[in-house]
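Convert by adding 16 to the 1-based position in the sequence shown; the result is the number in my numbering.
C-beta atoms are modelled at their ideal positions from N, C-alpha and C, and glycine is treated no differently.
Predicted, not measured: the structure shown is a model, and the values here were computed from it.
Notes for the one structure printed next.
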Amino acid sequence: MPISLVAGGAGLIGSRLCRRLLGGGHRVICADNLATATQANLNGLRAEAGFEYVACDVTGEFEFGPVDNVFHLASPASPRHFSEIPEAIIAANSSGTANLIELALERGARFLFASTSEVYGDPLEHPQREDYFGNVNPVGERACYDESKRFGEALTMTAVRRRGLDGRIVRIFNTYGPGMNPDDGRALIEFLRRALEGRPLPIHGDGRQTRSWCYVEDLAEGIAQAMEMPGTCGRVYNLGNPDERSVLDLARAVLAATGSDSPLEFLPMPPDDPVRRCPDISRARAELGWEPRVELEDGLLKTLAWYRQEFT
17 MPISLVAGGA GLIGSRLCRR LLGGGHRVIC ADNLATATQA NLNGLRAEAG
67 FEYVACDVTG EFEFGPVDNV FHLASPASPR HFSEIPEAII AANSSGTANL
117 IELALERGAR FLFASTSEVY GDPLEHPQRE DYFGNVNPVG ERACYDESKR
167 FGEALTMTAV RRRGLDGRIV RIFNTYGPGM NPDDGRALIE FLRRALEGRP
217 LPIHGDGRQT RSWCYVEDLA EGIAQAMEMP GTCGRVYNLG NPDERSVLDL
267 ARAVLAATGS DSPLEFLPMP PDDPVRRCPD ISRARAELGW EPRVELEDGL
317 LKTLAWYRQE FT
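Put into structure tokens, the structure is as follows:
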């Protein structure tokens, strides 16, 4: 039975990855300090055979026994965190990455670094391919996330080239689904909450900026395949939904799903907020056989059902 360590395993994506690995016959160690994750994501997992939760900050000292796979998803990722806890973000993706790489090397384990579409910044090429270097402000408010993820990527590939690390990188685009933190300010969950409460939905700018929302179960499957597939060492994969939608489209889809008549409230655009964001997933399709399956409207209904059960 393979043993997989999922750092950041209590988050939205990490908890779904834990479920996917358990279903694939793995023993799973979930390491998380719960700084930004919710306890509710662990409730069903704790009763699963082969699952273990360990309170752990990957930027500090830790000790684990044998592991076969190390997944590094341990980083705050909400735009709200960029201004609230930038130092913690930088630490998780720098010293946290270095620590987990050392663990993987010591145990002879495969390593996966969960990076982000934010490394492309406000891109000038559409859709974004893995060989696009991006258009990033290295000193802006978002830089704590963008640049620390870039640094984590550099650490990973340096260890692959120089130290024989069996490592790979996935760049995750916007992800949603049951298990989202309702307080972290991301557009989709904020729209859902406000629509159900009859409050205005906040639209930054004119709402024509685009994103590509991927359902969390699809995303977790892509991460697992990037680790499990042979020939992925040293590779970088975009993981996201190439169905590009405007923020206005998302707001209207949420209003339709909830039956809400909440108005739209237009607000100033935050600094360095990308105008367009859409992944080219040709490499993931060709090398992993992966692509998302859940349409946005279907995923919204699943997320809405979860939200109503948990919070209303």
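- Query: Taking the DSSP output, what are the residues bridged to Ala107?
  - Reply: Counting from one through the sequence shown, the residue named residue 107 turns up at place 91. Answer is none; Ala107 lacks a bridge partner.
- Message: As an exercise, report each continuous alpha helix (DSSP H) stretch of at least 4 residues that is fully enclosed by the segment 111 to 174, in chain order.
- Response: 111 to 123
- Message: Looking at the secondary structure, which residues open and close the beta strand (DSSP E) in which Leu283 lies?
- Response: Counted from its first residue, the sequence shown places residue 283 at position 267. Leu280 to Leu283 is the span of the beta strand (DSSP E), which, as asked, contains Leu283.
- Which of helix, strand or coil does DSSP assign to Ala26? Translated into positions along the sequence shown, residue 26 becomes position 10. Coil, per DSSP.
- Query: Can you give the Cα-Cα distance for Ser20 and Ala107, rounded to whole angstroms?
  - Reply: As a first step, residue 20 is located in the sequence shown; it is residue number 4 there, counting from the start. As a first step, residue 107 is located in the sequence shown; it is residue number 91 there, counting from the start. The straight-line gap from Cα to Cα measures roughly 23 Å.
- Item | Simplified DSSP state of Val44, which is helix, strand or coil | Taking the sequence shown and counting its residues from 1, one reaches residue 44 at position 28. Note: Val44 maps to strand in three-state DSSP.
- Message: Would the segment 209 to 220 count as touching the segment 138 to 145 if we require 3 or more Cβ pairs under 8 Å?
- Response: no
- CB-CB under 6 Å to Ile152, same chain, minus the five flanking residues each way: which ones, in chain order? The count along the sequence shown starts at 1 and reaches residue 152 at position 136. This sequence places Val at residue 152; Ile is not what is there. Here the set comprises Gly137 and Asp162.
- Check: Ala56 C-beta below 8 Å from any heavy atom of the ligand SAM: Ligands displayed in this structure: none; no statement on the ligand SAM is therefore possible.
- Query: Who are the Cβ neighbours of Arg43 in its own chain at under 6 Å, not counting the five residues just before and after it?
  - Reply: Start at 1 with the first residue of the sequence shown, and residue 43 comes out as number 27. So the qualifying residues of the chain are Met17, Ile19 and Gly66.
- Item | Distance between beta carbons of Leu58 and Ser31, contact taken as under 8 Å | Taking the first residue of the sequence shown as position 1, residue 31 is located at position 15. Taking the first residue of the sequence shown as position 1, residue 58 is located at position 42. The pair is a contact, with the Cβ atoms about 7 Å apart (cut-off 8 Å).
- Query: Nearest-angstrom Cα distance between Ser278 and Val263?
  - Reply: By 1-based counting over the sequence shown, the position of residue 278 is 262. By 1-based counting over the sequence shown, the position of residue 263 is 247. Computed Cα separation, rounded: 15 Å.
- Are the Cβ atoms of Pro286 and Pro95 separated by less than 9 Å? Residue mapping note: residue 286 aligns to position 270 of the sequence shown, counting from 1. Residue mapping note: residue 95 aligns to position 79 of the sequence shown, counting from 1. Yes; because the gap between Cβ atoms is below 9 Å, this pair is in contact.
- Would you decide whether Arg301 is buried or exposed? Buried here means 16 or more other CB atoms lie within 10 Å of its CB. Counting from one through the sequence shown, the residue named residue 301 turns up at place 285. Exposed, by the Cβ-count rule.
- Task: Taking 8 Å as the threshold, find out whether the segment 242 to 257 comes into contact with the segment 182 to 191 through three or more Cβ pairs.
- Result: yes
- Following the continuous alpha helix (DSSP H) through Pro95, name the residue where it begins and the one where it ends. Translated into the one-based positions of the sequence shown, residue 95 becomes position 79. Start and end: Pro95 to Glu100.
- Query: Any idea if Gly346 is buried or exposed, counting beta-carbon neighbours within 10 angstroms, 16 or more meaning buried?
  - Reply: The displayed coordinates of the chain run from 17 to 328. Any statement about residue 346 would go beyond what the structure contains.
- Does the distance from the CB of Ala175 to the CB of Ile117 come in under 9 Å? Locating residue 175 in the sequence shown gives position 159, where the first residue counts as 1. Locating residue 117 in the sequence shown gives position 101, where the first residue counts as 1. Yes, they are a contact pair.
- Query: How many Å lie between Arg35 and Leu61 at the Cα?
  - Reply: Walking along the sequence shown from the start, residue 35 turns up at place 19. Walking along the sequence shown from the start, residue 61 turns up at place 45. Near 7 Å, if we compare the C-alpha coordinates of Leu61 and Arg35.
- Item | Reduced DSSP secondary structure (H/G/I, E/B, other) of Thr52 | To locate residue 52, count along the sequence shown from 1; it is residue 36. Here Thr52 sits in coil by DSSP.
- Give me the Cβ distance between Ala272 and Leu280, rounded to the nearest whole Å; I'm assuming they're in contact under 8 Å. On the sequence shown, position 256 is the one that residue 272 refers to. On the sequence shown, position 264 is the one that residue 280 refers to. Contact flag wrong, Cβ pair sits at about 13 Å.
- Message: Under DSSP, the alpha helix (DSSP H) around Arg187 begins and ends at which residues?
- Response: As a first step, residue 187 must be located in the sequence shown, where it is residue number 171. Per DSSP, Arg187 belongs to no alpha helix (DSSP H); it is in the beta strand (DSSP E), Asp182 to Ile188.
- Query: Is it right to say Ala203 is buried, meaning 16 or more other beta carbons lie within 10 angstroms of its own, or is it exposed?
  - Reply: Position 187 of the sequence shown, counting from 1, holds the residue named residue 203. So Ala203 ends up on the buried side.
- Rounded separation between Gly40 and Asp234 - CA only: On the sequence shown, position 24 is the one that residue 40 refers to. On the sequence shown, position 218 is the one that residue 234 refers to. Rounded to the nearest angstrom, the two C-alpha atoms are 15 Å apart.
- Message: Please list the terminal residues of the continuous beta strand (DSSP E) segment that includes Val252.
- Response: Sequence index remark: in the sequence shown, residue 252 carries index 236 (1-based). Run containing Val252: Val252 to Leu255, per the beta strand (DSSP E) assignment.
- Task: Starting from Val86, trace the beta strand (DSSP E) both ways and give me its first and last residue.
- Result: Looking up residue 86 in the sequence shown gives position 70. Counting along the chain, the beta strand (DSSP E) containing Val86 begins and ends at Asn85 to His88.
- Task: Tell me Cys230's beta-bridge partners as DSSP assigns them.
- Result: Numbered from its first residue, the sequence shown carries residue 230 at position 214. DSSP output for Cys230 lists Thr191 as bridge partner(s).
- Out of curiosity, what's the CA-to-CA distance linking Arg13 and Leu50? This structure cannot settle anything about residue 13, because the visible part of the chain is limited to 17 through 328.
- Query: According to DSSP, is Leu217 helix, strand or coil?
  - Reply: By one-based count along the sequence shown, residue 217 stands at place 201. Of the three classes helix, strand and coil, the one that applies to Leu217 here is strand, per DSSP.
- Item | Glu311, DSSP secondary structure in three states | For the purposes of this step, residue 311 is taken as the residue at position 295 of the sequence shown. Residue state, collapsed to three classes: coil.
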